[in-house]
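**Student:** One structure coming up, written as structure tokens, with questions to follow.
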């Protein structure tokens, strides 16, 4: 990201959706977390400034950044997926060694319309999927599907076609799979990486997900069930009181009471077990062309 020849890491977070840089160090490992900035000095964020902490800009939330030289000028720009399912471009105006980003936020389009993936929670990457020498846009989505937007223009001035689904939505959705079993397929919140995983010359797709396994069945005796029900009533009252306070202004005593309640209640309730798996989708190269695969114009009809 900073042009020193060492790989760095960028990452986003859910709230308020800023983007962070961890610089690669000469001795190995990474430096302390830094906020990337726009040219106004504001933390890099896909949304405009918020009216207040209680009025977030939805374009900001669930930031999933991807660094790439989008405009072909030799430095890294940043694409950011967000909770709405959009992909927002922030162009690097600071240069290769000192990245600084434009205050102008450009929401990418596909086929002339704003690009929004189903289920929101987008995660973009750029890769030459169709092997035409130009990077295409692939986006993971909140429902678990993965979308391909082919670049119909130049590599340094992309214009994306209407999306097509490379991976269907999660069959499981937000339901949990049985305890102790294997999941039937990918879950939701798809985040993707494109790489030639098996070295056959064709890029493959790696998909990270969020999915839940049903927790083990609890068997409580009568005293435990009675205590569980008492703690649940107490929890609701504490939540109600908690909600009366602004973020950062919750009394310490109230926070401590809620913490004690949750600590005692947790082993008395059944809980799903969250997982994040990585799934591999191997690319299947097209079959060799045959005379039968040619149309009347002589164009080969095989497709990847």
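In my numbering, the protein residues as written are 13 to 316. Every residue, glycine too, gets a C-beta built ideally from N, C-alpha and C. Being a predicted model, the structure only gives us computed values, none of them experimental.
(1) Identify, in the order they occur along the chain, each residue of the same chain with its Cβ nearer than 7 Å to the Cβ of residue 236, setting aside the five sequence neighbours on each side.
(2) Here's the rule: buried if 16 or more other CB atoms are within 10 angstroms of the residue's CB, otherwise exposed. What is residue 13?
(3) Could you give the C-beta distance for residue 286 and residue 222, rounded to a whole number, given that I count them as a contact under 8 Å?
(4) Bridge partners for residue 206 per DSSP, in chain order?
(5) Where residue 153 and residue 121 are concerned, what is the direct C-alpha to C-alpha distance, given to the nearest angstrom?
(6) Do the CB positions of residue 90 and residue 113 come within less than 8 Å of each other?
(7) Would you identify the three-state DSSP class for residue 163, choosing helix, strand or coil?
(8) Going straight from the alpha carbon of residue 82 to that of residue 60, what length do you get?
(9) Going straight from the alpha carbon of residue 50 to that of residue 103, what length do you get?
(10) CB residue 266 to CB residue 246, shorter than 8 Å?
(11) Near residue 214, which residues of its chain fall below 7 Å by C-beta distance, leaving aside the five closest residues on each side in sequence?
(12) What are the start and end residues of the beta strand (DSSP E) that includes residue 245?
(13) Should residue 198 and residue 260 be called a contact, given that it needs their Cβ atoms to be closer than 8 Å?
(14) Got a sec? Which residues, its chain only, sit under 6 Å from residue 93 by beta carbon, not counting five neighbours each side?
(15) Secondary structure at residue 33, three-state DSSP: helix, strand or coil?
(16) Restricting to Cα atoms, I'd like to know which of 58, 234, 192, 229 is closest to residue 116.
(17) Exposed or buried, residue 56, counting other C-beta atoms within 10 Å across all chains shown (16 or more means buried)?
(18) Measuring straight from C-alpha to C-alpha, what distance separates residue 62 and residue 250?
(19) I'd like to confirm the pairing. Which residues does DSSP put opposite residue 174 in its beta bridges?
(20) Taking the alpha-carbon positions, what's the residue 192 to residue 226 distance?
(21) Could you have a look at residue 306 and say whether DSSP puts it in helix, strand or coil?
(22) Can you list, in chain order, the residues of its chain with a C-beta nearer than 7 Å to that of residue 230? Leave out the 5 residues immediately preceding and following it.
(23) Within 10 Å of its beta-carbon, does residue 290 have 16 or more other beta-carbons around it, so buried, or fewer, so exposed?
(24) I need the straight-line Cα distance from residue 119 to residue 40, nearest angstrom please.
(25) For residue 200, count neighbouring Cβ atoms within 10 angstroms of its own Cβ and tell me buried if that reaches 16, exposed if not.
(26) Report the option in 204, 274, 37, 26 whose CA atom is closest to the CA atom of residue 159.
(27) Measuring only the C-alpha atoms, how far is residue 24 from residue 31?
(28) Should residue 270 and residue 243 be called a contact, given that it needs their Cβ atoms to be closer than 8 Å?
(29) Taking the beta strand (DSSP E) that residue 299 falls in, what are its first and last residues?
**Tutor:** So, to answer that:
(1) Taking the first residue of the chain shown as position 1, residue 236 is located at position 224. Closer than 7 Å at the Cβ level, and outside the excluded window around residue 236, lie 280.
(2) Here residue 13 refers to the residue found at position 1 when the chain shown is read from its first residue. Buried: at least 16 other Cβ atoms inside 10 Å.
(3) Residue 286 sits at position 274 when you count from the first residue of the chain shown. Residue 222 sits at position 210 when you count from the first residue of the chain shown. That belief holds up - the Cβ atoms of residue 286 and residue 222 are roughly 7 Å apart, short of 8 Å.
(4) Start at 1 with the first residue of the chain shown, and residue 206 comes out as number 194. Note: residue 206 sits in a beta bridge opposite 217.
(5) In the chain shown, counting from the first residue as 1, residue 153 sits at position 141. In the chain shown, counting from the first residue as 1, residue 121 sits at position 109. The straight-line gap from Cα to Cα measures roughly 16 Å.
(6) Along the chain shown, read from residue 1 onward, the residue named residue 90 stands at position 78. Along the chain shown, read from residue 1 onward, the residue named residue 113 stands at position 101. Yes, Cβ-Cβ distance for residue 90 and residue 113 is below 8 Å.
(7) Indexing the chain shown from 1 puts residue 163 at position 151. Reduced to three states, the DSSP call for residue 163 is strand.
(8) By one-based count along the chain shown, residue 82 stands at place 70. By one-based count along the chain shown, residue 60 stands at place 48. Going by the C-alpha atoms only, they are around 21 Å apart.
(9) Within the chain shown, the letter at position 38 stands for residue 50. Within the chain shown, the letter at position 91 stands for residue 103. Going by the C-alpha atoms only, they are around 9 Å apart.
(10) For this step, residue 266 is matched to residue 254 along the chain shown. For this step, residue 246 is matched to residue 234 along the chain shown. Contact flag unset, no.
(11) The sequence position of residue 214 within the chain shown is 202, counting from 1. 208, 295, 297.
(12) As a position in the chain shown, residue 245 is number 233, starting the count at 1. Careful: residue 245 lies outside any beta strand (DSSP E), inside the alpha helix (DSSP H) at 234-254.
(13) Locating residue 198 in the chain shown gives position 186, counting from the first residue. Locating residue 260 in the chain shown gives position 248, counting from the first residue. Not a contact, by the Cβ cut-off of 8 Å.
(14) Taking the first residue of the chain shown as 1, we reach residue 93 at position 81. Within the same chain, residue 93 has close Cβ partners 76, 99, 134, 135, 136.
(15) Reading the chain shown from its first residue, position 21 is the one you call residue 33. DSSP places residue 33 in strand when its eight states are reduced to three.
(16) Residue mapping note: residue 116 aligns to position 104 of the chain shown, counting from 1. Considering only alpha carbons, the answer is 58.
(17) Along the chain shown, one-based indexing puts residue 56 at 44. Residue 56 is buried by the Cβ-count criterion.
(18) On the chain shown, position 50 is the one that residue 62 refers to. On the chain shown, position 238 is the one that residue 250 refers to. Approximately 28 Å, taken between the alpha carbons.
(19) Residue mapping note: residue 174 aligns to position 162 of the chain shown, counting from 1. Beta-bridge pairing links residue 174 to no other residue.
(20) Taking the chain shown and counting its residues from 1, one reaches residue 192 at position 180. Taking the chain shown and counting its residues from 1, one reaches residue 226 at position 214. Using only the alpha carbons, I get a separation of about 8 Å.
(21) As a position in the chain shown, residue 306 is number 294, starting the count at 1. Reliability fails at residue 306, whose pLDDT of 43 lies under 50, so the model's placement of it is uncertain and no value is given.
(22) Here residue 230 refers to the residue found at position 218 when the chain shown is read from its first residue. Excluding positions up to five away in sequence, the list reads 282.
(23) By 1-based counting over the chain shown, the position of residue 290 is 278. So residue 290 ends up on the exposed side.
(24) Locating residue 119 in the chain shown gives position 107, where the first residue counts as 1. Locating residue 40 in the chain shown gives position 28, where the first residue counts as 1. So the two alpha carbons sit approximately 36 Å from each other.
(25) The sequence position of residue 200 within the chain shown is 188, counting from 1. It is buried - the Cβ of residue 200 has at least 16 other Cβ atoms within 10 Å.
(26) In the chain shown, residue 159 corresponds to position 147, counting from 1. The candidate whose alpha carbon is nearest that of residue 159 is 204.
(27) The residue you call residue 24 lines up with position 12 of the chain shown. The residue you call residue 31 lines up with position 19 of the chain shown. Between residue 24 and residue 31, the C-alpha separation is close to 4 Å.
(28) Taking the first residue of the chain shown as position 1, residue 270 is located at position 258. Taking the first residue of the chain shown as position 1, residue 243 is located at position 231. No, they are not a contact pair.
(29) Looking up residue 299 in the chain shown gives position 287. Note, residue 299: premise wrong, no beta strand (DSSP E); not H, not E.
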